[in-house]
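Student: Before I ask anything, let me first share the structure, which is written out below as structure tokens.
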Ligand SMILES: Cc1cc2nc3c(=O)[nH]c(=O)nc-3n(C[C@H](O)[C@H](O)[C@H](O)COP(=O)(O)O)c2cc1C
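Numbering (our numbering), first residue to last: 63 to 254.
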């Protein structure tokens with residue numbers, strides 16, 4: 063199984079990326095291949111000028127096409143997900159998340175915006191035809207604390223994250239692969 067992880071914060075170090083990194087380690091322990099991406103893997107020029115021909119964007123889309131799932135992390139910015147992340151999402155093909163399971167992760171300064179993923183990010187993931195978008199994990203800044211050069215997650219957050227990752231892992235396993243759908247439509251045509 064292959065999963066793309068995408069860190070959607072323009073900042074470094076990043077609290078939301080800390081959630082992603084723990085998730086990557088957990089999945090790798092379950093023998094899931096994780097291909098990590100951050101916004102910094104793309105040229106700002108390509109993102110700002112919506113360069114659909116960018117080789118980096120094309121390579122990312124190609125990786126995404128062969129993946130079973132997407133782990134996506136974002137900070138809450140102005141009660142939504144980060145605008146920088148949107149500039150990347152805007153350049154993806156229309157059905158970029160077809161047949162994929164998605165687990166969204168977010169951090170925010172205020173618990174008042176804990177539903178930002180639900181009302182802002184999830185509709186966008188659905189527009190990209192995600193097969194299944196799981197219940198995400200939100201942590202506020204007091205739960206992701208910088209100690210030295212690393213972020214430490216509050217115990218409760220780690221527990222919620224692991225629970226969400228278990229669901230993600232199960233969903234990856236029951237995912238209907240693209241090849242199955244193709245085979246089904248071939249069969250339907252043959253028997254028509
Ligand atoms: C430009 C900007 C806008 C923000 N807007 C919000 C907001 O509307 N609601 C909120 O809860 N936190 C807001 N925050 C706080 C961040 O969401 C929070 O610090 C988050 O953990 C940062 O994640 P990161 O370190 O991965 O970038 C904002 C921060 C910045 C820099």
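All C-beta atoms, glycine included, are put in the ideal place defined by N, C-alpha and C.
Every value quoted in this text rests on a predicted model; they were computed, and no experiment measured them.
Could you give the first and the last residue of the continuous beta strand (DSSP E) run that contains residue 119?
Tutor: First-last for residue 119: 117–127, but that is the alpha helix (DSSP H), not the beta strand (DSSP E).
Student: Do three or more CB pairs link the region 155–164 to the region 68–88 at distances below 8 Å?
Tutor: In short, these stretches do not touch, since the Cβ pair count stays below three.
Student: Between the alpha carbons of residue 181 and residue 108, how many angstroms are there, rounded?
Tutor: When rounded, the distance between both Cα atoms is 27 Å.
Student: Could you tell me whether any non-hydrogen atom of ligand 1 is closer than 7 Å to the CB of residue 140?
Tutor: Within the cutoff, so yes.
Student: Could you pull out every residue in the same chain whose Cβ sits closer than 8 Å to the Cβ of residue 248, ignoring the five residues on either side in sequence?
Tutor: Note that residue 248 scores 49 on pLDDT, short of 50, meaning its location in the model is unreliable; the coordinates nonetheless yield the value given after this. Counting only Cβ-Cβ distances below 8 Å, and skipping sequence neighbours, we find nothing.
Student: For the candidate residues 99, 145 and 147, whose alpha-carbon lies nearest to that of residue 125?
Tutor: Answer by Cα proximity: 99.
Student: Could you give the DSSP three-state label for residue 213: helix, strand or coil?
Tutor: Residue 213: strand per DSSP, three-state reduction.
Student: From residue 74 to residue 103, what distance separates their C-alpha atoms?
Tutor: Their backbone Cα atoms lie some 13 Å apart in a straight line.
Student: Going by DSSP, what residue range makes up the alpha helix (DSSP H) through residue 108?
Tutor: From DSSP, the alpha helix (DSSP H) with residue 108 extends over 106–110.
Student: Start and end of the alpha helix (DSSP H) containing residue 66?
Tutor: No alpha helix (DSSP H) holds residue 66; the beta strand (DSSP E) holding it covers 64–69.
Student: Is the closest heavy atom of ligand 1 to the C-beta of residue 203 under 7 Å?
Tutor: Correct: residue 203 has its Cβ closer than 7 Å to ligand 1.
Student: So what does residue 149 bridge to, in DSSP terms?
Tutor: Answer is none; residue 149 lacks a bridge partner.
Student: Taking the straight line between their C-alpha atoms, what separation do you get for residue 122 and residue 101?
Tutor: Distance between the alpha carbons of residue 122 and residue 101: 11 Å.
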